[in-house]
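All letters in the sequence shown, in the order written, are residues 77 to 456 by this note's numbering. Glycine included, each C-beta is placed from N, C-alpha and C at the ideal position. All values reported here derive from a predicted model rather than from experimental measurement. See structure below.
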Amino acid sequence: MKKYLWFALSFFVFCNYTLKAQEEFKSGYLVDLESDTLRGFIKEDTDARLAKSLTFKTSLQDSGSKEYTPKELKAFGFDYGRNFKRQRSNLKDSPGFVFTKRLLKGKTDLYVWRKKGQSKPDMFITNNEIDKTVHLVNPSKRKLTAEDGKKFSGKDRKYLGLLNSIKTEQQVQDRKDIRFSEKRIYEDLLDYNRQFSENHPVSEYEEKQVNRYEILVGMPLENAAGATQFRVSILRDKQRIERSRNWSYLRGISYRHWGNEDRELPDFKNGTANYRWQTLSLIPIGVKYQSAKGVIRPYAYAGLGAGLLLMTDYVIENYENTGNDKVFGFGPTANIGAGLKIKLGDGYLLTEITPTIDGVFFNGVTPPMEAFFFNLGYSF
77 MKKYLWFALS
87 FFVFCNYTLK
97 AQEEFKSGYL
107 VDLESDTLRG
117 FIKEDTDARL
127 AKSLTFKTSL
137 QDSGSKEYTP
147 KELKAFGFDY
157 GRNFKRQRSN
167 LKDSPGFVFT
177 KRLLKGKTDL
187 YVWRKKGQSK
197 PDMFITNNEI
207 DKTVHLVNPS
217 KRKLTAEDGK
227 KFSGKDRKYL
237 GLLNSIKTEQ
247 QVQDRKDIRF
257 SEKRIYEDLL
267 DYNRQFSENH
277 PVSEYEEKQV
287 NRYEILVGMP
297 LENAAGATQF
307 RVSILRDKQR
317 IERSRNWSYL
327 RGISYRHWGN
337 EDRELPDFKN
347 GTANYRWQTL
357 SLIPIGVKYQ
367 SAKGVIRPYA
377 YAGLGAGLLL
387 MTDYVIENYE
397 NTGNDKVFGF
407 GPTANIGAGL
417 KIKLGDGYLL
427 TEITPTIDGV
437 FFNGVTPPME
447 AFFFNLGYSF
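Below, the structure written as structure tokens:
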């Protein structure tokens, strides 16, 4: 069975490089340097990629498309509310124009510039009343000198001065010491904008995300004689597609069963002999990395959680089976897997390999299971 399984997996990986899914274009608009608006269809992509360029076509029936850079446009946007504006960067490592996404509109507009491989974006804040824009960057560590002359390491807090300067009506004594965080700065500007909502209506952009649900059933690649083993898992896969098409977040539950009620009892006078092993693992947090393109997409995931173990044992007294006993265990679990997702309409067929051991339980016992499960499932 192993030989055919690995052959199938190799075939699917090969297909992934030769078959491509249809690119998604959504209706939207461009604003050129003369402030003229052109309507058409824009290829959806992550914020980091759209910061550098976009692909546009005037009709979905067009076989050709055109690529635009920030040097050629003032702004663009999708009809579902995702809008970008050109901003100038004076950073030494990345000077020039970039497209930034608007998250908040009001007396002040908040734009973010996401960069591949960086968790914290640059932020551009525009005060529409005075037509002033400031550029906030993630503070870096540097050597500072205290009043007594002692040197120490600290973070450049220039962003705080820029943030406070853009809020013109805010008194010095009311200014907050806000940590450099997209969430914190967003909340601070939202509170500020609400004070002026009568003259400057406030609107927020809610980023798109995709929630998929996965159901998988697995059997061992090789099963011991007389034993029954299977696995069932239900997961929710949450992907923030505007930030990444590769990474997503998982949560859910996994149940695994091993049983051999006809096992040969050990030859001893008194004791117990295990014949059933059941684990229920709760997975509150996990991450998945997957290919973003292709009909067939490889993926791998890992998640941490907590598991409940139920062992059922035969009770042996004077060399005879006198009944059974149940023993509970509890402990941390590690849930990992790797496989392929094959696009079928709006959903995916899942093929996955997972190790059989959910985790290490506090009672220190080892499950009587084979090495790996082969799982089939569906994502919808």
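For Val188, is the classification buried or exposed, using 16 other Cβ atoms within 10 angstroms of its Cβ as the cut-off for buried? Numbered from its first residue, the sequence shown carries residue 188 at position 112. It counts as buried.
Roughly how many angstroms separate the alpha carbons of Ser309 and Tyr424, rounded to a whole number? The count along the sequence shown starts at 1 and reaches residue 309 at position 233. The count along the sequence shown starts at 1 and reaches residue 424 at position 348. Rounded to whole angstroms, Ser309 to Tyr424 spans 16 Å at the Cα level.
Straight-line Cα distance separating Lys369 from Arg332: The residue labelled residue 332 in the question sits at position 256 within the sequence shown. The residue labelled residue 369 in the question sits at position 293 within the sequence shown. Arg332 and Lys369 have their C-alpha atoms some 32 Å from each other.
Which residue's Cα is closest to the Cα of Lys192: Ala124, Leu297, Pro431 and Tyr268? One-based indexing of the sequence shown puts residue 192 at position 116. Among Ala124, Leu297, Pro431 and Tyr268, the Cα nearest to that of Lys192 belongs to Ala124.
Which residues in the same chain have their Cβ closer than 8 Å to the Cβ of Phe344, if we skip the five residues on either side of it in sequence? Walking along the sequence shown from the start, residue 344 turns up at place 268. Within the same chain, Phe344 has close Cβ partners Ile392 and Tyr395.
From Gly104 to Phe448, what distance separates their C-alpha atoms? Here residue 104 is taken as the residue at index 28 of the sequence shown, counted from 1. Here residue 448 is taken as the residue at index 372 of the sequence shown, counted from 1. Rounded to whole angstroms, Gly104 and Phe448 show a C-alpha spacing of 48 Å.
Is it buried or exposed, Tyr93, if we count other Cβ atoms within 10 angstroms and call 16 or more buried? As a position in the sequence shown, residue 93 is number 17, starting the count at 1. The predicted position of Tyr93 is uncertain, since its pLDDT is 40 and thus under 50; no value can be drawn from it.
Can you tell me whether Asn287 is buried or exposed, with buried defined as 16 or more other CB within 10 angstroms of its CB? Here residue 287 is taken as the residue at index 211 of the sequence shown, counted from 1. Exposed, since its Cβ has fewer than 16 Cβ neighbours within 10 Å.
Suppose contacts are defined by Cβ-Cβ distances below 8 Å. Is Phe406 in contact with Leu385 by that definition? Against the sequence shown, residue 406 aligns to sequence position 330. Against the sequence shown, residue 385 aligns to sequence position 309. In this structure, the beta-carbon distance from Phe406 to Leu385 falls below 8 Å.
Name the two residues that bound the continuous alpha helix (DSSP H) containing Lys234. Here residue 234 refers to the residue found at position 158 of the sequence shown. According to the DSSP assignment, Lys234 belongs to the alpha helix (DSSP H) that extends over Lys234 to Ile242.
Which term fits Leu114, buried or exposed, when burial requires 16 or more other beta carbons within 10 angstroms of its beta carbon? Reading the sequence shown from its first residue, position 38 is the one you call residue 114. Exposed: under 16 other Cβ atoms inside 10 Å.
Is it the case that the Cβ atoms of Asp401 and Thr355 are separated by a distance below 8 Å? Residue mapping note: residue 401 aligns to position 325 of the sequence shown, counting from 1. Residue mapping note: residue 355 aligns to position 279 of the sequence shown, counting from 1. Result no, Cβ atoms of Asp401 and Thr355 do not sit closer than 8 Å.
Pull up the distance between the alpha-carbon of Leu426 and that of Gly415, whole angstroms please. For the purposes of this step, residue 426 is taken as the residue at position 350 of the sequence shown. For the purposes of this step, residue 415 is taken as the residue at position 339 of the sequence shown. Distance between Leu426 and Gly415, taken at the CA atoms: about 7 Å.
Straight-line CA distance for Lys119 to Gln163? For the purposes of this step, residue 119 is taken as residue 43 along the sequence shown, with counting starting at 1. For the purposes of this step, residue 163 is taken as residue 87 along the sequence shown, with counting starting at 1. The alpha-carbon atoms of Lys119 and Gln163 are separated by roughly 21 Å.
Same chain, Cβ closer than 8 Å to Gly116, five either side skipped, listed in chain order: Start at 1 with the first residue of the sequence shown, and residue 116 comes out as number 40. These residues qualify, in order along the chain: Ser103, Gly104, Tyr105, Leu106, Phe132, Lys133, Thr134 and Ser135.
Since Asn322 and Gln366 are thought to touch, with beta carbons under 8 Å apart, how far apart are those beta carbons, to the nearest angstrom? Taking the sequence shown and counting its residues from 1, one reaches residue 322 at position 246. Taking the sequence shown and counting its residues from 1, one reaches residue 366 at position 290. Indeed, because the Cβ distance is near 6 Å, the residues count as touching under 8 Å.
To which residues does DSSP link Val188 through a beta bridge? Residue 188 sits at position 112 when you count from the first residue of the sequence shown. Partner(s): Lys177 and Met199.
Grab the span of the alpha helix (DSSP H) containing Ala124 for me, first residue to last. Here residue 124 is taken as the residue at index 48 of the sequence shown, counted from 1. According to the DSSP assignment, Ala124 belongs to the alpha helix (DSSP H) that extends over Asp123 to Leu126.
Report the residue from Lys226, Ser129 and Asn214 whose alpha carbon sits nearest the alpha carbon of Asp232. Counting from one through the sequence shown, the residue named residue 232 turns up at place 156. Put simply, of Lys226, Ser129 and Asn214 the residue whose alpha carbon is nearest the alpha carbon of Asp232 is Asn214.
As assigned by DSSP and simplified to three states, the class of Asp313: Looking up residue 313 in the sequence shown gives position 237. Reduced to three states, the DSSP call for Asp313 is strand.
Straight-line gap, Ser165 to His211 (C-alpha atoms, nearest Å): In the sequence shown, the residue the question calls residue 165 occupies position 89. In the sequence shown, the residue the question calls residue 211 occupies position 135. Taking C-alpha positions only, Ser165 is separated from His211 by approximately 8 Å.
Neighbourhood of Ile317 by C-beta, 7 Å cutoff - its chain only, sequence neighbours within 5 removed: Looking up residue 317 in the sequence shown gives position 241. Spatial neighbours of Ile317 in its own chain (CB-CB distance under 7 Å, excluding positions within 5 residues in sequence) are listed in chain order as Lys284, Gln285 and Val286.
Measuring straight from C-alpha to C-alpha, what distance separates Leu130 and Asp169? Taking the first residue of the sequence shown as 1, we reach residue 130 at position 54. Taking the first residue of the sequence shown as 1, we reach residue 169 at position 93. Rounded to whole angstroms, Leu130 and Asp169 show a C-alpha spacing of 22 Å.
Within a Cβ cutoff of 7 Å, which residues of the same chain sit near Arg260, ignoring the five residues on either side of it in sequence? Residue numbering aside, residue 260 sits at position 184 when the sequence shown is read from its first letter. Same-chain partners within the cutoff: Ile254.
What first and last residue would you give for the beta strand (DSSP E) that runs through Asp108? Here the question's residue 108 lines up with position 32 in the sequence shown. According to the DSSP assignment, Asp108 belongs to the beta strand (DSSP E) that extends over Phe101 to Asp108.
Are there 16 or more other CB atoms within 10 angstroms of the CB of Tyr80, so buried, or fewer, so exposed? As a working note, residue 80 is residue 4 in the sequence shown. Any reading at Tyr80 is ruled out, since the residue's pLDDT is 41, under 50, leaving its predicted position unreliable.
Using C-beta distances below 8 Å, list every residue in its chain close to Asp108, excluding the 5 sequence neighbours before and after it, in chain order. Counting from 1 along the sequence shown, the entry for residue 108 is found at position 32. Within the same chain, Leu114, Glu148, Leu149 and Lys150 come within 8 Å of Asp108 by CB-CB distance, once the 5 residues on both sides are set aside.
Coarse secondary structure for Glu120, derived from DSSP in three states: Taking the first residue of the sequence shown as position 1, residue 120 is located at position 44. In the structure shown, Glu120 sits in coil (DSSP, three-state: anything other than H, G, I, E or B).
What are the residues that DSSP puts in a beta bridge with Asp389? As a first step, residue 389 is located in the sequence shown; it is residue number 313 there, counting from the start. According to DSSP, Asp389 bridges with Asn350 and Asp401.
For Ile429, tell me which candidate among Leu292, Met199 and Leu238 has the shortest Cα-Cα distance. As a first step, residue 429 must be located in the sequence shown, where it is residue number 353. Considering only Leu292, Met199 and Leu238, the residue with the shortest C-alpha distance to Ile429 is Leu292.
Let me confirm a value: Asp434 is counted as buried when at least 16 other C-beta atoms fall within 10 Å, else exposed. Which label applies? Taking the first residue of the sequence shown as 1, we reach residue 434 at position 358. With a pLDDT of 49 at Asp434, under the threshold of 50, the predicted position of this residue should be treated as unreliable, and no value is reported.
Look up Glu298 in the DSSP assignment and say whether it is helix, strand or coil. Translated into the one-based positions of the sequence shown, residue 298 becomes position 222. Note: Glu298 maps to coil in three-state DSSP.
Please state whether DSSP places Leu420 in a helix, a strand or coil. The residue labelled residue 420 in the question sits at position 344 within the sequence shown. Note: Leu420 maps to strand in three-state DSSP.
What's the call for Ser455, buried or exposed, on a 16-neighbour Cβ count within 10 Å? Position 379 of the sequence shown, counting from 1, holds the residue named residue 455. That one is buried.
Straight-line CA distance for Ile418 to Pro374? Looking up residue 418 in the sequence shown gives position 342. Looking up residue 374 in the sequence shown gives position 298. C-alpha separation (whole angstroms): 9 Å.
Gly423 at chain D interface by Cβ criterion, 8 Å: The structure shown contains no chain D; it is built from a single protein chain.
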